[in-house]
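Q: Below is a structure I'd like to ask you about.
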Amino acid sequence: MKILYLHIAAGQASYRYRVEQYKPLWAASPHTVSYQTVVGIPTVQKLRHILRCGEYDIVILQKKLLHPLLIRAIKKRARLVFDFDDALYARESYKKEKPRSVDPGSATATKRLNFILRRADMVLAGNRELAAYSKKFNSNVQLIPTPLPPAERVVLPRSGPPLRVGWIGNTYNLYYLRQIDDILFKIAAEQSGKFSFQLMSAAVPKGYFKTPWQLTPWSLETEADWLSNIDIGLMPLNDDPWSRGKCAFKLLQYARHGKALIASDVGANREVVRHKVNGFLTGGDFSWEQALKAFVEDPERAARFGQAAREHFSRYFELTVIFKRLSEALNRLTTVIR
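Residue numbers 7 to 344, in our numbering, belong to the letters of the sequence shown in order.
Right under this line is the structure:
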């Protein structure tokens with residue numbers, strides 16, 4: 007089987023985790039896999055790559071919403087697989103202005119997405135919400151979560167105070183963390199000395215939080231050590247179409263390192279958090295305050311939840327598990343007559 011990935015920019019996290027980390031596994035397989043970005047190159051060069059798609063059995067278009075004329079050109083030459091891990095049909099939660107034509111949720115982006123979903127021979131959706139949307143347009147939709155390899159070092163949560171509560175993410179996603187700032191600030195005051203609040207991100211605007219977060223600047227080199235040194239990982243979200251389309255990646259990062267989880271009861275968070283088994287889902291009758299206090303009331307809970315989170319991750323989200331699912335799905339596709 008010959009596969010060509012047409013992918014987004016190499017610096018983006020989506021490329022790193024849904025394309026790049028598969029490279030050693032594909033290299034060890036009997037298949038031939040090539041890679042070509044379709045971002046930041048001249049149109050003539052992009053067209054040249056597309057005209058060569060006939061040299062491959064399968065072309066995987068990763069997240070890029072190419073013009074319909076280019077999609078038709080690919081389809082004439084090879085089986086087309088579309089891979090995506092964000093709700094490209096929805097406006098980003100933290101943006102109030104009208105989306106530009108290239109932004110998720112714009113009329114142009116949604117029209118292109120729906121066209122690609124209709125024309126694709128297979129769709130690889132990063133979570134159940136994206137899969138459900140895709141099934142409106144395509145009957146061959148495969149659920150392929152964004153995976154991670156096992157952590158090289160796992161340090162289970164401590165039982166004694168202060169428990170280190172952590173959040174990791176891009177600067178624009180601080181918007182979600184701010185939604186629970188008043189709650190965390192109140193807990194920090196009422197439970198003095200019981201928690202420390204650890205944050206890893208590129209930067210935090212001055213005065214953005216009342217909660218006493220201790221900022222560690224993000225880097226790929228220090229990320230694993232930081233994750234090893236927290237006890238509880240947070241993932242607050244809004245309940246809106248963009249947020250429901252997120253793939254719970256933070257939770258997978260925490261779970262991979264054996265950390266207890268607290269997350270909003272939204273979208274793919276439900277696929278990673280098993281309520282009261284490896285973490286807590288907040289919303290409805292169960293609050294963020296109740297979740298954090300539960301770890302104070304039972305000092306061993308964080309370690310139990312962390313172990314359960316790691317086991318759940320290893321069974322359903324570990325890199326080799328998802329790669330096997332992906333490669334089997336693509337193999338099945340090659341048996342279908344075009």
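Glycine residues also receive a C-beta, built at the ideal position from the N, C-alpha and C atoms.
(1) Counting C-beta neighbours from all protein chains within 10 Å, is the total for Asp237 16 or more, i.e. buried, or is it exposed?
(2) With distances taken from CA atoms, which of Ile14, Val129 and Gly239 is nearest Lys52?
(3) Whose C-alpha, out of Arg106, Gly264, Phe255 and Pro223, is nearest the C-alpha of Gln204?
(4) Is Ala315 near Asn275, with beta carbons less than 7 Å apart?
(5) Hey, Val147 and Ala131: beta-carbon distance below 7 Å or not?
(6) Tell me which residues share the same chain as Arg307 and place their Cβ nearer than 8 Å to its Cβ, disregarding the 5 neighbours each side in the sequence.
(7) Locate the beta strand (DSSP E) running through Lys8, then write down its first and last residues.
(8) Beta carbon of Leu336, beta carbon of Ile64: below 7 Å?
(9) Say whether the stretch 239-252 touches the stretch 131-141, bearing in mind that this needs 3 or more beta-carbon pairs closer than 8 Å, one atom from each stretch.
(10) Out of Pro156, Ala157, Ser207 and Ser145, state which residue places its alpha-carbon closest to the alpha-carbon of Trp173.
(11) Could you give the C-beta distance for Ile77 and Phe121, rounded to a whole number, given that I count them as a contact under 8 Å?
(12) Considering only their Cβ atoms, is the gap separating Ala115 from Leu71 smaller than 7 Å?
(13) Arg97 by DSSP, collapsed to three states: which one?
(14) Throw me the rounded Cβ distance for the Asp91 and Thr152 pair, which I believe falls under 8 Å.
A: Walking through what the data contain:
(1) Under a 10 Å Cβ-count criterion, Asp237 is classified as buried, with 16 or more other Cβ atoms of the shown protein chains found around its own Cβ.
(2) Cα-wise, what sits closest to Lys52 is Ile14.
(3) Of the listed residues, the one whose Cα sits closest to Gln204 is Pro223.
(4) Taking 7 Å as the Cβ cut-off, Ala315 and Asn275 do not qualify as a contacting pair.
(5) Using a Cβ distance threshold of 7 Å, Val147 and Ala131 count as a contacting pair.
(6) Within the same chain, Arg307 has close Cβ partners Ala266, Ala300 and Phe301.
(7) Segment Lys8 to His13, the beta strand (DSSP E) holding Lys8.
(8) For the 7 Å CB-CB criterion, Leu336 and Ile64 form a contact.
(9) Enough Cβ pairs lie closer than 8 Å, so yes.
(10) For the residues Pro156, Ala157, Ser207 and Ser145, the minimum Cα distance to Trp173 belongs to Ser207.
(11) The Cβ separation is near 7 Å, so the contact holds.
(12) Contact flag set, yes.
(13) Of the three classes helix, strand and coil, the one that applies to Arg97 here is coil, per DSSP.
(14) 6 Å between Cβ atoms; contact.
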